[in-house]
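Working notes for the structure below.
There are 2 protein chains.
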Amino acid sequence: MSPRRVTLADVAKAAGVSRPTASLVLSGRGRELRISQDVEQRVLKAADELQYRPNIVSVGLRTGTSRTIGFVSDTVATSRLAGDMIKGALEAARDRGFMLFIGETEGDAELERLLLQAMHDRQVDGLILASMFTRTIKVPKGITASPVVLLNAVPKGPAVLPAVLPHEVEAGRLAARVLLDAGHRDGIYLIGVGPGLRNVPSESVAALERLVGIREALGEAGVKVAGARTCFDWQPEYGLAATRDLLETVRPRALICFNDRIAMGAYQALDDFGLKVPADVSVVSFDDHPIASWMRPGLTTVALPHYELGRKAVDVLFTEMDRDPAELGAAAEVHRVPMPVRSRDSVAPPSGAHSPG
Amino acid sequence: MSPRRVTLADVAKAAGVSRPTASLVLSGRGRELRISQDVEQRVLKAADELQYRPNIVSVGLRTGTSRTIGFVSDTVATSRLAGDMIKGALEAARDRGFMLFIGETEGDAELERLLLQAMHDRQVDGLILASMFTRTIKVPKGITASPVVLLNAVPKGPAVLPAVLPHEVEAGRLAARVLLDAGHRDGIYLIGVGPGLRNVPSESVAALERLVGIREALGEAGVKVAGARTCFDWQPEYGLAATRDLLETVRPRALICFNDRIAMGAYQALDDFGLKVPADVSVVSFDDHPIASWMRPGLTTVALPHYELGRKAVDVLFTEMDRDPAELGAAAEVHRVPMPVRSRDSVAPPSGAHSPG
DNA sequence: CTTCGTTGCTAAATCGGGTTAGCGCCCGTT
DNA sequence: AACGGGCGCTAACCCGATTTAGCAACGAAG
């Protein structure tokens, strides 16, 4: 049915030369190896006419490479949050002529083993181990066969691999600064974790770092967190419950929600209590989930730079791959990607305060 | 640095036999070809001890296969809606020991060409061409080299390739039936498209088919669509605007929104007009986007079965791949995947009506 | 004592490309 | 005419696994 693939032999035959000669011409080493103009032209013409494309599998067999990167995640590939991460990785890879294998472990160590094996069997040139949420992971043994970059994850124990992470501490500072800049100094409450550094789920790096950033920025301005409510899970329903619980005892002037889904629940709770955003209560959040722009008023939030994270991971992986094998393992650097503020309409100066200026 | 891969030659050497002998034993053809028990045991032992794994690239070179499927989409890979589609495809592929190459064309024909070429160069055994939204697409020429399945897309012109699609007509019927079953017969309005079949964006298969289903089911019950508002884009803001526009002239008893984002806007508009869901107005929708469960009250919606679509596409692709090449092109079947209703709390009997029973 | 048949394994070729060493030819020189 | 030296190309081998054809050794039959 489908016509057989055009091989180098076909081109050589059409040009009336031997296979190696055609190979030399096509790999641009013809000049250097004194192939005549005439032969060069014949080969190029034949290759063009036959639409010759080298078989990467064959090259891969010889060189042990595949121009392919493996992207293994717990659930990030299918997380609605982080498709952009794949997109960034995809585009960065494409820029260098690489393709991406996608795999998901669903947190299952055995599945992860099989997947890494399957990728290894296919001679991937590098691996990205990604996590849906920024967290610490156990680095699987025996993956040192090819360069590895961690994405949105930090290794448990000593840092043996380079990692790419969102700059969560800075994000926390930015969120706090949004409120400070609007004039807020009192009645700032946290929804999700806190108020102390101990009230944080231990495996969530993001939660801890955001909190650190918030406390730093507020502290520098001489402002204290007025209080906090933790959420069992960072979903709207728990954000709703936590905020309701808060509103039963106090009247906050501003909320820092630890993600946008929590913020969505917080909006619902504020509505239940007849409080307006941002007139009565300002709200800032994290992630820039699509709903942040759909909520009314639009939610000001510090964005997770998924696209950039994906790109950066691939970029770092390429530098690892290019690195001289002798000095491998030297740099298990942590790369932080900035988290930008998306200003919308959920923050205003505290009610009863003059606008500063 | 990293220890060289264990090859068949290593195993053969360790077992004290030739390469082909080891190969025969490991491929299970030892019995048939009268390899002695002794040799068989030695080879198996050596393979086990050395942790031998055949190099798929090498096998691929010989057989022209790669145990790999290419998943090419316009933007589905990174669409937050459809990660589950990839997940379904991934798992179905994994069940047969296949991996997935992911690629995105972003609707760019040239990019698509390059991507298909890159996949072809890597000897993919089959291709899935996916679309983010159900729509008609131009099938790129020259992809007949390997089996192809269309996912969430139908070819422009004659059906030359098998396609997997959500059963949108049935979904339309189901949405209508939800309202009919609740006792609604009057004041049913559409938000998104309609009321006539001409008021539908031409490239959107989903819009048209949903509308057809709705009109069928209502028609069979002797019920007419009371009216409709189209949306420029199926986003919350346009759903909000369209619903507001509607509410300025009439008081609907029920809304069928053409997707959940429109429904979110509709909720906002209803709230603006002091109308309660579902007491005053029932709302049904399509897609089962995550926000459907986050909205208050929970939105009853007919789900896009992304996971099943992905699985089904791979399943169909495998049957294509297994098919005798002689009869290829025979079946350009369209496979419809059912869309299940997710009942939540946005539908109630019409106000002032008795509950039937 | 030859011949045939069986058993148990391996040599050689294959896939498609890349690399290296070296062959033959032509030219100029002595 | 013999020799040296560049030029232009190709033979041969490599990667790793598989397949086919066939070799060697042995036993049994004639």
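For the record, the sequence lines run as chains A and B.
Convert by adding 1 to the 1-based position in the first sequence; the result is the number in the working numbering.
Convert by adding 1 to the 1-based position in the second sequence; the result is the number in the working numbering.
C-beta: ideal position from N, C-alpha, C; glycine also.
Because the structure is a prediction, the values reported are computed rather than measured.
Under DSSP, residue 343 of chain B takes part in a beta bridge, and its partners are B:302.
Taking the C-beta atoms as reference points, residue 351 of chain B is found nearer than 7 Å to residue 254 of chain B.
Our two residues, residue 275 of chain B and residue 284 of chain B, have alpha carbons roughly 15 Å apart in a direct line. Straight across, the Cα-Cα distance linking residue 117 of chain A with residue 73 of chain A is about 8 Å. Taking C-beta separations shorter than 6 Å and ignoring five residues to either side along the sequence, the partners of residue 299 of chain A in its chain run 345, 346, following chain order. Using a Cβ-Cβ cut-off of 7 Å, residue 58 of chain A is close to 58, 61, 62, 67, 123, 124 of chain B, given in chain order. Relative to residue 212 of chain B, the option among B:259, B:6, B:22 whose CA is nearest is B:259. In the pairwise beta carbon analysis, the segment 81 to 99 of chain A is classified as touching the segment 98 to 105 of chain B: at least three pairs are separated by under 8 Å. Legend: CB atoms of the segment 237 to 268 of chain B lying less than 9 Å from CB atoms of chain A belong to residues 237, 238, 241, 262, 265, 266. Residue 84 of chain B has a beta carbon lying within less than 7 Å of a beta carbon in chain A. Residue 297 of chain A is classed as buried because its beta carbon has at least 16 other beta carbons within 10 Å across all chains shown.
In its chain, beyond the 5 residues on either side, 188, 189, 190 have a beta carbon closer than 6 Å to the beta carbon of residue 227 of chain A. Residue 240 of chain B is not a Cβ neighbour of residue 214 of chain B, given a cutoff of 7 Å.
In the same chain as residue 60 of chain A, and ignoring 5 residues on each side of it, the C-beta atoms closer than 8 Å to its own belong to 66, in chain order. Residue 164 of chain B is not a Cβ neighbour of residue 338 of chain B, given a cutoff of 7 Å.
The beta carbon of residue 315 of chain A is closer than 6 Å to those of 90, 93, 94 in its chain, skipping five residues each way along the sequence. For the 7 Å CB-CB criterion, residue 302 of chain A and residue 319 of chain A do not form a contact.
Between residue 342 of chain A and residue 310 of chain A, the alpha-carbon positions lie close to 16 Å from each other. Taking CB atoms only, residue 101 of chain B has a neighbour in chain A less than 7 Å away. With a cut-off of 8 Å on Cβ pairs, the segment 36 to 48 of chain B is in contact with the segment 14 to 24 of chain B, counting three or more such pairs. Taking a cut-off of 8 Å for Cβ pairs, the segment 193 to 206 of chain B and the segment 130 to 140 of chain B touch, as three or more such pairs fall below it. Between residue 167 of chain B and residue 305 of chain B, the gap from beta carbon to beta carbon is short of 7 Å. Judged by their CB atoms, residue 51 of chain A and residue 7 of chain A are nearer to each other than the 7 Å cut-off.
Only exposed fits residue 110 of chain A, as fewer than 16 other CB atoms lie within 10 angstroms of its CB.
Identification of chain B residues near residue 54 of chain A by a Cβ-Cβ cut-off of 9 Å yields 118, 121, 122, ordered along the chain.
Residues of chain A whose Cβ lies closer than 7 Å to the Cβ of residue 297 of chain B are, in chain order, 269. Contact check for residue 348 of chain A against residue 125 of chain A fails: the beta carbons are separated by 7 Å or more.
The Cβ atoms of residue 263 of chain B and residue 193 of chain B lie closer than 7 Å to each other. For residue 292 of chain B, the chain A residues whose C-beta falls within less than 7 Å of its own C-beta are 292, listed in chain order. Residue 98 of chain A is classed as exposed because its beta carbon has fewer than 16 other beta carbons within 10 Å across all chains shown. Here residue 37 of chain B is exposed: its Cβ has fewer than 16 other Cβ atoms, across all protein chains shown, within 10 Å.
Inclusion of residue 100 of chain B and residue 183 of chain A in the CB contact set at 7 Å is not warranted, their separation being larger than that value.
Every beta strand (DSSP E) stretch that sits fully inside the segment 52 to 136 of chain B and reaches 3 residues is listed by chain position as 69 to 74, 100 to 105. One thing to note: residue 229 of chain B has its Cβ within 7 Å of the Cβ of residue 196 of chain B. Distances from the alpha-carbon of residue 142 of chain A to those of A:161, A:152, A:246, A:247 put A:161 closest. The bridge partners DSSP lists for residue 255 of chain A are A:189, A:283.
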